[in-house]
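Residue 15 is where the sequence shown starts when you use my numbering, and the numbers rise one by one after that. Just so you know, even glycine gets a beta-carbon here, dropped at the ideal spot from N, CA and C. Have a look at the structure below, then the notes.
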Amino acid sequence: MKKEISDVNAENTEQKENEVSEHDKVSDLLKKNSSYKFGKRLYDTGLAVMLLIVLLNLLMNFMKIEFYIGGTICTGALIFLYIIPCVMMIIGLVKSVKAAKKAGVKEKGSGVCFIISAFLLAFVIFAGTFETILPSYHVYELENVTASDGREFLAAKSETVKIFGERHGEMPSFYDIDIYDVHGIFAKRVVSCSAHTGEYKIEKTDNGKYKLIVSFLGRNEGYPFEG
């Protein structure tokens, strides 16, 4: 009985070794297939590009930096950059899977990766279009503000709207004032505060810093920030 079990185990082990050996041979053939290699490289490149875009977004959010192009804050349009790596990943998967099928190999996980990539592409297109038509960071007015020492800043009267939240056609009486320090196409938000219809100005303080002074409802509020 023990001998029979031992023989069965030996046969199973040998069968598994043969399967692994055969799979390795096919894998070696795929590695030499130019179409398969191109698809894999394209997928890996797309994945790397996506990670870089994610890191760029995280860095900009952490540093409170916006893109300011043509007199418009257009950071929200960055979401469309994700279309590039998504398309690269989908094309790469299609290429590699076709090459694998010709070699008689079924790659594990390719179907799941394709579904995820296609879902991301559809989400990016939907979210990007929605953000373009109804931006979450809704800027009503942009204007240049000159501080007391002559330095220029960019002021944005805005409100942040949650998805499917209430949106105003005109600037409401309560809004946010964001002050930006602009360098080329980059605008760094240096201070932000809530305000009511009224006036505001920027003064240079004795300690070398600046202060945003907002006047509303008969009182003044000061918000210091680094220049």
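Below 8 Å between beta carbons: does that hold for residue 188 and residue 208?
The count along the sequence shown starts at 1 and reaches residue 188 at position 174. The count along the sequence shown starts at 1 and reaches residue 208 at position 194. Cβ distance < 8 Å, so residue 188 and residue 208 count as in contact.
Distance check for residue 185 and residue 174, CA to CA, integer angstroms please.
The residue given as residue 174 occupies position 160 in the sequence shown. The residue given as residue 185 occupies position 171 in the sequence shown. In a straight line, the C-alpha of residue 174 is about 12 Å away from that of residue 185.
In the DSSP output, which residue or residues are listed as bridge partners for residue 160?
By one-based count along the sequence shown, residue 160 stands at place 146. Paired residue(s): 166.
My output table needs one value for residue 87: the three-state DSSP class, helix, strand or coil.
Working through the sequence shown from its first residue, we reach residue 87 at position 73. DSSP places residue 87 in strand when its eight states are reduced to three.
Using DSSP with H/G/I as helix, E/B as strand and the rest coil, what is residue 53?
By 1-based counting over the sequence shown, the position of residue 53 is 39. Three-state result, residue 53: helix.
Locate the beta strand (DSSP E) running through residue 226, then write down its first and last residues.
As a working mapping, residue 226 is identified with position 212 in the sequence shown. Element bounds for residue 226: 224-230.
Look at the Cβ atom of residue 190, then the Cβ atom of residue 172, and state whether they are nearer than 8 Å.
Taking the first residue of the sequence shown as 1, we reach residue 190 at position 176. Taking the first residue of the sequence shown as 1, we reach residue 172 at position 158. Yes, the Cβ-Cβ distance between residue 190 and residue 172 is below 8 Å.
Count the other C-beta atoms from every protein chain shown that fall within 10 angstroms of the C-beta of residue 205, then say buried if there are 16 or more, exposed otherwise.
Counting from one through the sequence shown, the residue named residue 205 turns up at place 191. Buried, because 16 or more other Cβ atoms sit within 10 Å of the Cβ of residue 205.
Just to confirm my understanding: we take residue 136, look at its own chain, exclude 5 residues before and 5 after, and list those with CB closer than 6 Å. What are they?
Numbered from 1 along the sequence shown, position 122 holds the residue referred to as residue 136. For residue 136, where only same-chain residues beyond five positions count, there are no Cβ hits under 6 Å.
One question on the structure: do residue 224 and residue 241 come within less than 8 Å of each other, judged by their Cβ atoms?
Sequence index remark: in the sequence shown, residue 224 carries index 210 (1-based). Sequence index remark: in the sequence shown, residue 241 carries index 227 (1-based). Cβ distance < 8 Å, so residue 224 and residue 241 count as in contact.
What does residue 209 pair with, by DSSP beta-bridge criteria?
If you number the sequence shown from 1, residue 209 lands on position 195. For residue 209, which the question treats as bridged, DSSP gives the partners 189.
Could you tell me if residue 80 is buried or exposed, where buried requires 16 or more neighbouring beta carbons within 10 angstroms of its beta carbon?
Numbered from its first residue, the sequence shown carries residue 80 at position 66. Residue 80 is buried by the Cβ-count criterion.
Answer with buried or exposed for residue 131, where buried requires no fewer than 16 other C-beta atoms within 10 angstroms of its C-beta.
If you number the sequence shown from 1, residue 131 lands on position 117. Classification of residue 131: buried, given that the 10 Å Cβ count is 16 or more.
CB contact flag (residue 176, residue 78, <8 Å)
Counted from its first residue, the sequence shown places residue 176 at position 162. Counted from its first residue, the sequence shown places residue 78 at position 64. No, the Cβ-Cβ distance between residue 176 and residue 78 is not below 8 Å.
Taking the alpha carbon of residue 152 as the reference point, which residue from 57, 129, 179 and 97 has its own alpha carbon closest?
Taking the first residue of the sequence shown as 1, we reach residue 152 at position 138. Of 57, 129, 179 and 97, the residue nearest in Cα terms is 179.
Does the segment 102-113 come into contact with the segment 51-59, if we say contact requires no fewer than three beta-carbon pairs (one atom in each stretch) closer than 8 Å?
yes
DSSP puts residue 79 in a beta bridge; with which residues?
Taking the sequence shown and counting its residues from 1, one reaches residue 79 at position 65. Answer is 202.
Starting from residue 106, follow the alpha helix (DSSP H) in both directions and report where the run begins and ends.
Taking the sequence shown and counting its residues from 1, one reaches residue 106 at position 92. Unbroken alpha helix (DSSP H) run through residue 106: 97-116.
Classify residue 58 as helix, strand or coil using the three-state DSSP reduction.
Numbered from 1 along the sequence shown, position 44 holds the residue referred to as residue 58. Looking at residue 58 - three-state DSSP - the assignment turns out to be helix.
So, with DSSP's three-state summary, where would you put residue 143?
The count along the sequence shown starts at 1 and reaches residue 143 at position 129. Of the three classes helix, strand and coil, the one that applies to residue 143 here is helix, per DSSP.
Please report the straight-line C-alpha distance between residue 95 and residue 234, rounded to a whole angstrom.
Locating residue 95 in the sequence shown gives position 81, counting from the first residue. Locating residue 234 in the sequence shown gives position 220, counting from the first residue. Spanning the two alpha carbons is a distance of roughly 42 Å.
Would you kindly work out how many angstroms separate the C-alpha atoms of residue 210 and residue 229, rounded to a whole number?
For this step, residue 210 is matched to residue 196 along the sequence shown. For this step, residue 229 is matched to residue 215 along the sequence shown. In a straight line, the C-alpha of residue 210 is about 8 Å away from that of residue 229.
Between the Cα of residue 102 and the Cα atoms of 93, 170, 128 and 117, which residue gives the shortest distance?
Working through the sequence shown from its first residue, we reach residue 102 at position 88. Taking only the C-alpha atoms, the option nearest residue 102 is 128.
Could you name the residues that DSSP lists as bridge partners for residue 239?
Locating residue 239 in the sequence shown gives position 225, counting from the first residue. Paired residues: 224.
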